[in-house]
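As C-alpha cells, the structure follows; a few thoughts come after it.
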Amino acid sequence: MTTIHPTAIVDPAAQLDPSVTVGPYAVIGPHVRIGARTSVGAHCVIEGHTTIGADNRIFQFASLGAEPQDKKYAGEPTRLVIGDCNTIREFCTFNTGTVQDQGETRVGDDNWIMAYVHIAHDCVVGNNVILANSATLAGHVHVGDQVIIGGLTGVHQYSRVGAHAMAGFASHVSQDVPPFMMVDGNPLAVRGLNIEGLRRRGFSAQRVAALKQAYRLLYRQGLTLEAALSAMGELPHSHPEAEDDVALLRDFVAASRRGIAR
Numbered sequence: 001m002t003t004i005h006p007t008a009i010v011d012p013a014a015q016l017d018p019s020v021t022v023g024p025y026a027v028i029g030p031h032v033r034i035g036a037r038t039s040v041g042a043h044c045v046i047e048g049h050t051t052i053g054a055d056n057r058i059f060q061f062a063s064l065g066a067e068p069q070d071k072k073y074a075g076e077p078t079r080l081v082i083g084d085c086n087t088i089r090e091f092c093t094f095n096t097g098t099v100q101d102q103g104e105t106r107v108g109d110d111n112w113i114m115a116y117v118h119i120a121h122d123c124v125v126g127n128n129v130i131l132a133n134s135a136t137l138a139g140h141v142h143v144g145d146q147v148i149i150g151g152l153t154g155v156h157q158y159s160r161v162g163a164h165a166m167a168g169f170a171s172h173v174s175q176d177v178p179p180f181m182m183v184d185g186n187p188l189a190v191r192g193l194n195i196e197g198l199r200r201r202g203f204s205a206q207r208v209a210a211l212k213q214a215y216r217l218l219y220r221q222g223l224t225l226e227a228a229l230s231a232m233g234e235l236p237h238s239h240p241e242a243e244d245d246v247a248l249l250r251d252f253v254a255a256s257r258r259g260i261a262r
C-alpha cells in the first residue's frame, strides 16, 4: 500500500499509485496524479493539475505545480506533466502552463535536476537533461535532449537550447543555442563544439568530424547565416552517416526566431 507519513496532507481525490511514498509534512492537492515507485520527500508541496510518472525521486521542500508567475494568468486549469525516472532535488520550483501557450509545462524522462532549479510556465524539457544548482528557465523555454545547463545560469523566455548543447556556469542565455554547441558567459559566446559530450554519448568519429565541419561553416568562416546553412546542406554527400545530425542543426538554426548565439 501507499506509504504516507501521518503528518502529510494528501487530498482524498489525489491519485497515487500504491507503491508511492510520501514523507513528513508533504502536501498533495486534489488534481495530482503520481505514478509507481515515485517518492515524495518531506515538506514538498505538489498542487495544481500535475501528473508525475514512475520512479521519480522528489527531494524535500520541492514545489511542483504552483500557479505560473504570469500576470495574465486568471486561474485556468493548466497543467504540469513530469515523466519517469527523474531526480528533482531540494527547493526546486516547477510551475504549470498558461493558456497563452499550450497550457502545459512538460519535463521528460531521466533528468537530473539539482537544488533550487526553477522551471517556469510553458517550458518543455527533454530527456537526459542536467540542470545544475540554481539554473533558471524563464517562461516558454524549450530544452532539447542530453543538454547540460550550468549552475546559476539563466535562460531568457522563449529561448531554445538544442540537443546535446552545454551552457557553462553563470551564463546569460538570451538567444537560441544550436544543438551540439558549448556556450558560456555574459554576453553569451559560443566556445566550440561539445566534442567530449558527443563522444561520451557514442557519436562515431565520422559523425563528430561532420559536426566539426558544420561548426566551422557556421562560426569560423565568416559566412552569412544563409550561406552557412546552404553549405551545410552539402555535408551529407561526404558524410552520409551524419545526415540526421546535420539536419537537426540546420533545421534548428533555420527555425530560430530569437536569433542564435553566434
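Numbering (our numbering), first residue to last: 1 to 262.
From the three backbone atoms N, C-alpha and C, an ideal C-beta is built for every residue, glycine too.
With DSSP as the reference, please indicate the residues paired to residue i in a beta bridge.
| i | result |
| --- | --- |
| Met166 | Ile148 and Met182 |
| Gln15 | Arg33 |
| Ala189 | Asp184 |
| His172 | Gly154 |
| Thr3 | Thr21 |
| Leu45 | Just to set this straight, residue 45 is Val in the shown sequence, not Leu. Its beta-bridge partners are Val27 and Ser63. |
| His142 | Val124 and Arg160 |
| Val99 | The partner list for Val99 (beta bridge, DSSP) is empty, contrary to what the question assumes. |
| Arg57 | Ser39 and Thr87 |
Over what stretch of residues does the beta strand (DSSP E) that includes residue i continue unbroken?
| i | result |
| --- | --- |
| Leu223 | Looking at the DSSP string, Leu223 is not in any beta strand (DSSP E), and its letter there is neither H nor E. |
| Phe94 | Thr93 to Asn95 |
| Ile52 | His49 to Ile52 |
Quick one: using the 10 Å Cβ neighbour count with 16 as the cut-off for buried, is residue i buried or exposed?
| i | result |
| --- | --- |
| Gly75 | exposed |
| Ile34 | buried |
| Thr224 | exposed |
| Asp251 | exposed |
| Asn186 | exposed |
| Pro240 | exposed |
| Ala228 | buried |
| Ala13 | exposed |
| Thr3 | exposed |
In the structure shown, what three-state DSSP assignment does residue i receive?
| i | result |
| --- | --- |
| Glu67 | coil |
| Asp251 | helix |
| Ser39 | strand |
| Glu196 | helix |
| Glu104 | strand |
| Thr135 | Contrary to the premise, residue 135 reads as Ala rather than Thr in this sequence. In the structure shown, Ala135 sits in coil (DSSP, three-state: anything other than H, G, I, E or B). |
| Val246 | helix |
| Arg216 | helix |
| Arg201 | coil |
| Val208 | helix |
Along the chain, where does the alpha helix (DSSP H) containing residue i start, and where does it finish?
| i | result |
| --- | --- |
| Leu80 | Here Leu80 belongs to no alpha helix (DSSP H); instead the beta strand (DSSP E) covers Arg79 to Ile82. |
| His237 | Leu235 to Ser238 |
Can you check whether the C-beta of residue i is within less than 7 Å of a C-beta belonging to chain C?
| i | result |
| --- | --- |
| Ile28 | In the structure shown, chain C cannot be found, because there is only a single protein chain. |
Inspect the CB distances between the segment 139-153 and the segment 171-186 and report whether three or more fall short of 8 Å. For the pair of segments examined, the segment 139-153 was found to touch the segment 171-186: the number of CB pairs separated by less than 8 Å reaches three.
Please confirm if the segment 230-238 is in contact with the segment 199-206, defined as three or more CB-CB distances below 8 Å between the two stretches. no
Does the count of Cβ pairs from the segment 33-44 and the segment 57-73 closer than 8 Å reach three? Here the segment 33-44 lies against the segment 57-73, with 3 or more beta-carbon pairs under 8 Å apart.
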